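Novice:
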Amino acid sequence: MKLRIQRCGNSSGIRFPAQLLKELGVKIGDSFEMEQVGSELRLKPVVTKPVFDIEALAAQCDPAAAVPAGLSAWSTLEPVGRECLA
Numbered sequence: 011m012k013l014r015i016q017r018c019g020n021s022s023g024i025r026f027p028a029q030l031l032k033e034l035g036v037k038i039g040d041s042f043e044m045e046q047v048g049s050e051l052r053l054k055p056v057v058t059k060p061v062f063d064i065e066a067l068a069a070q071c072d073p074a075a076a077v078p079a080g081l082s083a084w085s086t087l088e089p090v091g092r093e094c095l096a
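So this note's numbering is basically just the index in the sequence shown, starting at one, shifted up by 10.
1. Helix, strand or coil for L81, going by three-state DSSP, please let me know.
2. If you draw a straight line from the C-alpha of P45 to the C-alpha of R52, how long is it?
3. Which residue's Cα is closest to the Cα of D40: S49, A28, P55 and L34?
4. Rounded to whole angstroms, what's the CA-CA distance from E33 to M11? Just pull it up for me.
5. For L30 and Q70, what's the separation of their Cα atoms in angstroms?
6. Put V45 into one of helix, strand or coil per three-state DSSP.
7. Return the first residue and the last residue of the alpha helix (DSSP H) that Q29 is part of.
8. Just how far apart, CA to CA, sit A28 and R14?
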C-alpha cells in the first residue's frame, strides 16, 4: 500500500484508509509510538489501561437480578479458617 505525506497546516501527515484503521482496531485520536529502524518507520498503538470508576461500575449492576447458582453456594458455606465475619 502506498501512502503519501501531505501538508496539514504547518505540519505534515499521512492519511490512512478507513478500512485499514478498522482492521487495526484503531480510531482517529488514538496515540502511537513511532520507532525508526534504518530507513523504516514503525508505528505501534499506545495501549492504555482502562480507568475504572466505582460509581459507574455499580450503576451497571441490577440489584433485582437473581444470584447466579455458582455464587449462591458461597453464602451457605461454613468458615474453614480464621475468616473475620463482621
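Here a beta-carbon is modelled for each residue, glycine too, at the ideal position from N, C-alpha and C. If you're wondering where the values come from, they're calculated on a predicted model, not measured in any experiment.
Specialist: On the basis of the coordinates in this document:
1. Note: L81 maps to helix in three-state DSSP.
2. Before going further, note that residue 45 is Glu rather than Pro in the sequence given. The straight-line gap from Cα to Cα measures roughly 5 Å.
3. That would be P55, whose Cα lies nearest to the Cα of D40.
4. Between the alpha carbons of E33 and M11 lies a distance of about 14 Å.
5. Distance between the alpha carbons of L30 and Q70: 33 Å.
6. Note that residue 45 is Glu in the sequence shown here, rather than Val. The answer is strand: DSSP assigns E45 an E or B state.
7. If you look at Q29, you'll find it in the alpha helix (DSSP H) that goes A28 to L34.
8. CA-to-CA, the gap between A28 and R14 works out to about 15 Å.
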